[in-house]
Structures are given as structure tokens and as C-alpha cells.
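Once you know that position 132 of the sequence shown is 209 in our numbering, the rest is easy, because the numbers rise by one and skip nothing.
I have placed the structure first, in the form of C-alpha cells, so that the comments after it can refer back to it.
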Amino acid sequence: MSRRPVMAPPSEIPPGERVLWVGGPDTGGVARFALHWRKFAVYFVLLLAWRLMAVWRDAAGAEAAQSAAVTTMLLGACVLAALGLFARASARSTQYTITEERIVIRTGVALSIAINLPFQQIESADVRRRKDGGGDIELALVPGARAGYLILWPSAKPFHFAQPVPMLRALAAVDHV
């Protein structure tokens with residue numbers, strides 16, 4: 078269960094329109110699936126192993142091996158910590174609101190932006206479930222409806238730059254939504 082604060086629905090919703098659900102992404106889900114935290118961790122473990130083998134092959138001694146290991150581990154820890162902090166900030170600053178007539182995605186760590194997606198602009202919704210009960214909801218837009226990839230990120234389907242696909246990403250309980 079997420080410990081994020083409950084956010085009020087965006088003020089862009091017209092009076093009289095009923096809010097059906099308000100929520101946001103899970104920090105762990107953003108770190109794992111949007112920022113690929115685990116892949117970076119594996120990369121730094123492989124980098125550490127490569128550095129140690131290179132030092133060992135050069136017969137540089139235990140001090141050189143220890144120095145190489147500490148340097149690589151500190152670099153990896155700093156990158157992973159930065160990714161974790163950004164995942165937390167991103168998850169806490171992103172809010173998804175579903176009403177009777179629209180989906181509103183409010184996102185932005187430094188600058189908050191609200192993307193209004195009326196149901197008339199949404200062609201279909203596809204649910205991607207994970208084993209832990211969480212998942213993503215992809216929103217395919219009708220032809221001609223567009224949303225900027227960089228504005229949506231990380232609430233956008235990866236690598237769909239020409240025709241961005243908005244997502245309700247890293248939801249802790251996707252079936253509930």
C-alpha cells in the first residue's frame with residue numbers, strides 16, 4: 078500500500094462532473110519500470126566485476142583492486158540513489174484523476190502540468206498487469222489527438238515518440254482502477 082498523500086482532484090474539472098477515482102503511481106513501480114533501477118544495478122555489478130578482473134589481470138595488487146572496487150561502488154550507489162530520489166519525487170508529484178467524462182494526468186516534479194484527456198479522444202485502454210497485482214493502463218488516442226511525449230514522461234509508453242501513448246503508470250492495484 079502506498080503512503081502517498083491524498084491529493085485533491087485538479088481544478089480543471091468542470092463543476093458537477095463526478096470524480097470516480099484519484100490516485101497515482103507507486104514509487105517502487107516508477108523506479109523499476111520507468112527508470113529501470115534494477116537494470117542500472119545489474120550494470121554497476123557487471124562494471125564492478127569487469128574492473129576487478131582488469132585490475133587482477135594487470136596484477137596491480139590488493140590496494141589497487143580495493144580502490145577500483147570502492148570507486149565503482151560509490152559511483153553506482155550515487156546513480157542508484159539519484160534514480161531512487163527521482164522516482165520518489167516523480168511518484169509523489171503525479172496524480173491520475175478519472176471522472177465521468179475524462180482522465181486528467183497531473184505530472185511534473187519541477188513544473189506541474191495537467192493533461193486533460195476527454196473520453197472522446199481515447200480510442201481504447203489496455204491493461205498490463207504484473208504478478209504483484211500492480212500494472213499500467215495504456216490509453217490509445219484517436220487519430221489526430223496528440224499529447225507531447227516529454228510532457229507526459231514518465232506517464233507515457235516507452236519509445237512511442239511520434240505518436241505518444243499516455244499511461245496510468247505503476248499503479249499499485251490496477252484491477253481496482
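Note that CB positions come from ideal geometry on N, CA and C, so glycine has one too.
Check your understanding: Tell me the DSSP bridge mates of Q172?
Key -> Residue pairing by DSSP places Q172 opposite R183 in a beta bridge.
**Study point:** N-terminal and C-terminal residue of the beta strand (DSSP E) that A191 is part of
**Key:** Looking at the DSSP string, the run of the beta strand (DSSP E) that includes A191 is 190-195.
Check your understanding: Who are the Cβ neighbours of R205 in its own chain at under 6 Å, not counting the five residues just before and after it?
Key -> A distance below 6 Å between beta-carbons, with the five flanking residues on each side excluded, links R205 to the following residues of its chain, in chain order: G212, D213.
Exercise for review: Could you tell me the distance, in whole angstroms, from the CA atom of T171 to the CA atom of L162?
Suggested key: Taking the straight line joining both Cα atoms gives about 14 Å.
Practice item. Confirm, please, whether the CB-CB distance from L245 to I192 is below 8 Å. Key: Against a cut-off of 8 Å, the Cβ pair of L245 and I192 comes out as no contact.
Point to revise | Limits of the unbroken beta strand (DSSP E) element including V204 | key: Under the DSSP assignment, V204 falls in the beta strand (DSSP E) whose first and last residues are 199-206.
Point to revise | Top-ranked residue by Cα proximity to P231, from I175, E215, H253 | key: Selection I175, E215, H253 evaluated against P231 yields E215 as nearest (Cα-Cα).
Check your understanding: Quick one: what's W133 bridged to in DSSP?
Key -> According to DSSP, which records beta bridges pairwise, W133 is partnered with nothing at all.
**Study point:** Where R95 falls: helix, strand or coil (DSSP)
**Key:** In the three-state reduction of the DSSP assignment, R95 falls in the coil class.
Point to revise | Euclidean distance between Cα positions of T184 and V251 | key: Cα to Cα, T184 sits roughly 19 Å from V251.
Practice item. Would you list, in sequence order, the uninterrupted alpha helix (DSSP H) runs of no fewer than 4 residues that lie entirely inside the segment 100-162? Key: The segment 100-162 contains these whole alpha helix (DSSP H) runs: 114-134.
Review point. What is the C-beta distance between V119 and A247, in whole angstroms, given that I count them as a contact (C-beta under 8 Å)?
Key: Contact doesn't hold; Cβ gap of about 20 Å is too wide.
Point to revise | As assigned by DSSP and simplified to three states, the class of R80 | key: Its pLDDT being 41, under 50, R80 is placed unreliably in this model, and the value from its coordinates should be taken loosely. Note: R80 maps to coil in three-state DSSP.
Check your understanding: Under a three-way DSSP split, which group does A233 fall into?
Key -> In the structure shown, A233 adopts extended strand secondary structure according to DSSP, grouped into three states.
Check your understanding: With a Cβ-Cβ cutoff of 8 Å, do G225 and P241 count as a contact?
Key -> Their beta carbons are under 8 Å apart, which means G225 touches P241 by this criterion.
Review point. With burial defined as no fewer than 16 other Cβ atoms inside 10 Å of the residue's Cβ, what is the status of D209: buried or exposed?
Key: When all chains shown are included, D209 counts as exposed.
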